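So, in structure tokens, the structure goes:
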């Protein structure tokens, strides 16, 4: 009896261990595949909300940063202007980070959907190497040619010293910026949106604390602001690397994968070009708008444009957050050849994006001066900006279509169409229209603002036509591949 009881005990223990192992494996599998199984609406909400919060916090931090700099005793206005002159260069640094991230992260998600985690980790490692190389080149360029570049971007004798002081320190932290922004996309691409949000929150909190200490406590002025930014980005960078080396992540950053493999990296470069073009072109478009508005409308028109840009950047954050939240779902299921979930995710993204853009457009049309009044107490500027805002945002209700189609192109790895859409709106349409519209309309100043809705309307129409053709092809191919895979599986079973 004792022997039988002992045997039963051993069998029970063995069965328990086996069940525990099975449950653990099942949990691990579910953790890896939840992008392909959870309800799309709930999943999109879960991924989008942290992304939106992170973007809002990042923008608020930038505002607080400017407030600190603007209150530097004695020379706050000149210091703030000097740091403002640095923005085109900072945007270029961020654009290079987005270049790597927006090309690599969707490719990694697609590989995860295919179940090829080895390739996904190689993409991660290759992108790290790219970011290190790009950072080294940018750092040298900014340190050697920074002053000349700042003068070219509009620094004056009164502001160049502040701009150069800020940029000389900021340039040293280029590697931190590249790795933080670039690698954080790989965290979000796995569906870990909350951890991606923490990357931004940690950096923003550190910067808000360090800014007054270095600017006022150590009396470092704009140098202190730059140093606080570098240290904060360094802290965020450490957090990102530790996460990607830890136990929570699905894709691990491994030393042996940090190498250049053309077969893996070149498709990432091609896909990332679209985002790079969109972000890097903002500086060029800003110069085009400001030069034309200064010519036809003077300082008040340029001031209004500054408010218009700020309003649009802030108002578009939720829309961008939703689109970025949809990217891992689209990419993963595209890789998994789940055409139905890809289609449903796109239409859910399109619905949310359209509803938001239409609501925002209606609000702008009804109370434009409410937006303008947030940025200036000057009645003349508020009235002028209110009228300009109605013109500038005339086609805003269509923007939901543009961003949904554009993000889907990137998410499914369609590099060619992504680049076409990016180049079409910015370079083919918007920049020429900034100079063409004043020649066609009597009110030259408002004609410049009209370039934006005109470019939007044409671009959305072309994008929608191109997308309907290409997306239908992509879904058809997915269905064919999926059917072929099923048939192969049946054949294998018969054998």
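Numbering (the numbering used here), first residue to last: 4 to 498. For every residue, glycine included, the Cβ atom is placed at its ideal position computed from N, Cα and C. Given the structure is predicted, the values throughout are model-derived calculations rather than measurements.
Three-state class that DSSP yields for residue 63 in the structure shown: Residue numbering aside, residue 63 sits at position 60 when the chain shown is read from its first letter. In the three-state reduction of the DSSP assignment, residue 63 falls in the helix class, which pools H, G and I.
First through last residue of the alpha helix (DSSP H) which encompasses residue 300: Here residue 300 corresponds to residue number 297 of the chain shown, with the count starting at 1. Counting along the chain, the alpha helix (DSSP H) containing residue 300 begins and ends at 265 to 300.
Same chain, Cβ closer than 7 Å to residue 315, neighbours up to 5 away in sequence not counted: Counting from one through the chain shown, the residue named residue 315 turns up at place 312. Beyond the five residues adjoining it in sequence on each side, residue 315 comes within less than 7 Å, by CB distance, of no other residue in the same chain.
Other residues of its chain near residue 467: CB distance less than 8 Å, five sequence neighbours each side excluded: Within the chain shown, numbered from 1, the residue matching residue 467 stands at position 464. Excluding sequence neighbours, residue 467 sits near 404 and 408.
Close-in-space but distant-in-sequence residues of the same chain around residue 465 (CB under 7 Å, 5 per side omitted): In the chain shown, counting from the first residue as 1, residue 465 sits at position 462. 427, listed in sequence order.
Beta-carbon proximity of residue 207 to residue 60, cut-off 7 Å: On the chain shown, position 204 is the one that residue 207 refers to. On the chain shown, position 57 is the one that residue 60 refers to. Cβ atoms of residue 207 and residue 60: closer than 7 Å.
Rounded separation between residue 383 and residue 389 - CA only: One-based indexing of the chain shown puts residue 383 at position 380. One-based indexing of the chain shown puts residue 389 at position 386. Residue 389 has its alpha-carbon roughly 10 Å from the corresponding atom of residue 383.
Residue 420, DSSP secondary structure in three states: By one-based count along the chain shown, residue 420 stands at place 417. Residue 420 carries a helical assignment under DSSP once its states are collapsed to helix, strand and coil.
Residues near residue 185 in its chain [Cβ-Cβ closer than 7 Å; skip 5 each side]: Indexing the chain shown from 1 puts residue 185 at position 182. Beyond the five residues adjoining it in sequence on each side, residue 185 comes within less than 7 Å, by CB distance, of 100, 103, 104, 130 and 134 in the same chain, given in chain order.
Exposure of residue 274, with buried meaning 16 or more beta-carbon neighbours within 10 Å: As a position in the chain shown, residue 274 is number 271, starting the count at 1. Residue 274 should be labelled buried.
Rounded Cβ spacing between residue 193 and residue 253 (contact assumed at less than 8 Å): Here the question's residue 193 lines up with position 190 in the chain shown. Here the question's residue 253 lines up with position 250 in the chain shown. Right, the Cβ-Cβ distance comes to about 5 Å (below 8 Å), so this counts as a contact.
Inter-residue CB distance, residue 163 and residue 286 (contact presumed, cutoff 8 Å): Here residue 163 refers to the residue found at position 160 of the chain shown. Here residue 286 refers to the residue found at position 283 of the chain shown. So it is not a contact: roughly 18 Å between Cβ atoms.
Residue 449 classed as buried or exposed, judged by whether at least 16 other C-beta atoms fall within 10 angstroms: Here residue 449 is taken as the residue at index 446 of the chain shown, counted from 1. Classification for residue 449: buried.
Beta-carbon proximity check, residue 3 vs residue 333, cutoff 7 Å: The chain is shown from 4 up to 498; residue 3 falls before or after that span and cannot be answered.
Pick from 398, 436, 413 and 435 that is closest to residue 473, judged by C-alpha positions: As a working mapping, residue 473 is identified with position 470 in the chain shown. The shortest C-alpha separation from residue 473 is found at 413.
Start and end residues, alpha helix (DSSP H) containing residue 374: For the purposes of this step, residue 374 is taken as the residue at position 371 of the chain shown. Segment 371 to 378, the alpha helix (DSSP H) holding residue 374.
Residue 318 beta carbon less than 7 Å from that of residue 352: Against the chain shown, residue 352 aligns to sequence position 349. Against the chain shown, residue 318 aligns to sequence position 315. No; because the gap between Cβ atoms is not below 7 Å, this pair is not in contact.
Distance between residue 250 and residue 24 (C-alpha atoms, nearest Å): For this step, residue 24 is matched to residue 21 along the chain shown. For this step, residue 250 is matched to residue 247 along the chain shown. Its pLDDT being 40, under 50, residue 24 is placed unreliably by the model, and the measurement read from it follows with that caveat. Cα to Cα, residue 24 sits roughly 18 Å from residue 250.
Secondary structure of residue 336, DSSP reduced to three states: The residue you call residue 336 lines up with position 333 of the chain shown. Of the three classes helix, strand and coil, the one that applies to residue 336 here is helix, per DSSP.
Residue 481 versus residue 67: straight-line alpha-carbon distance, rounded: If you number the chain shown from 1, residue 481 lands on position 478. If you number the chain shown from 1, residue 67 lands on position 64. So the two alpha carbons sit approximately 47 Å from each other.
Sub-7 Å separation of residue 419 and residue 58 beta-carbons: Locating residue 419 in the chain shown gives position 416, counting from the first residue. Locating residue 58 in the chain shown gives position 55, counting from the first residue. Not in contact: residue 419 and residue 58 (Cβ atoms no closer than 7 Å).
4-residue-minimum alpha helix (DSSP H) runs that sit fully inside the stretch 187 to 216, ordered along the chain: Secondary structure in the stretch 187 to 216: the alpha helix (DSSP H) runs of 4 residues or longer, each lying completely within the stretch, are 196 to 215 in chain order.
Cβ-Cβ distance between residue 168 and residue 226 below 7 Å: To locate residue 168, count along the chain shown from 1; it is residue 165. To locate residue 226, count along the chain shown from 1; it is residue 223. Going by C-beta atoms, residue 168 is nearer than 7 Å to residue 226.
Rounded Cβ spacing between residue 170 and residue 271 (contact assumed at less than 8 Å): Within the chain shown, numbered from 1, the residue matching residue 170 stands at position 167. Within the chain shown, numbered from 1, the residue matching residue 271 stands at position 268. Rounded, the Cβ-Cβ distance is 29 Å, inconsistent with contact.
Integer-rounded CB distance, given that residue 38 should sit under 8 Å from residue 359: Within the chain shown, numbered from 1, the residue matching residue 359 stands at position 356. Within the chain shown, numbered from 1, the residue matching residue 38 stands at position 35. Between residue 38 and residue 359 the Cβ distance is about 23 Å, and since that is not below 8 Å, they are no contact.
Three-state secondary structure assigned by DSSP to residue 156: Counting from one through the chain shown, the residue named residue 156 turns up at place 153. The three-state secondary structure of residue 156, taken from DSSP, is coil.
4 or more residues per run - each alpha helix (DSSP H) lying fully within the stretch 82 to 169: Positions of the alpha helix (DSSP H) runs, each at least 4 residues long and wholly inside the stretch 82 to 169, are given as 90 to 116 and 120 to 155 in order along the chain.
Sequence-distant residues of the same chain with beta carbon closer than 7 Å to residue 346, five excluded per side: Here the question's residue 346 lines up with position 343 in the chain shown. Within the same chain, residue 346 has close Cβ partners 478.
Nearest neighbour of residue 471, chosen from 387, 140 and 411 [CA to CA]: By one-based count along the chain shown, residue 471 stands at place 468. Looking at 387, 140 and 411, the one whose alpha-carbon comes closest to that of residue 471 is 411.
Cutoff 7 Å; reference residue 110; Cβ partners in own chain excluding five residues on either side: Working through the chain shown from its first residue, we reach residue 110 at position 107. Within its own chain, the residues whose Cβ lies closer than 7 Å to the Cβ of residue 110, once the five positions on either side in sequence are excluded, are 126, 270, 271, 274 and 416, listed in chain order.
Reference residue 55; option with closest CA among 147, 155, 156 and 197: Your numbering for residue 55 matches position 52 in the chain shown. Minimum Cα-Cα distance from residue 55 among the listed residues 147, 155, 156 and 197 corresponds to 197.
Close beta carbons around residue 484, own chain, < 8 Å, minus the five adjacent residues each side: Looking up residue 484 in the chain shown gives position 481. Non-local beta-carbon contacts of residue 484 in its own chain, meaning distances under 8 Å to residues more than five positions away in sequence, involve 340 in chain order.
Residue 296 to residue 248 span [Cα, whole Å]: Here residue 296 refers to the residue found at position 293 of the chain shown. Here residue 248 refers to the residue found at position 245 of the chain shown. So the two alpha carbons sit approximately 50 Å from each other.
DSSP state of residue 25 mapped onto helix, strand, coil: Here the question's residue 25 lines up with position 22 in the chain shown. Its pLDDT being 40, under 50, residue 25 is placed unreliably by the model, and nothing is read from it.
Residue closest to residue 237, alpha-carbon to alpha-carbon, out of 215, 258, 202 and 223: In the chain shown, counting from the first residue as 1, residue 237 sits at position 234. When only C-alpha atoms are compared, the closest one is 202.
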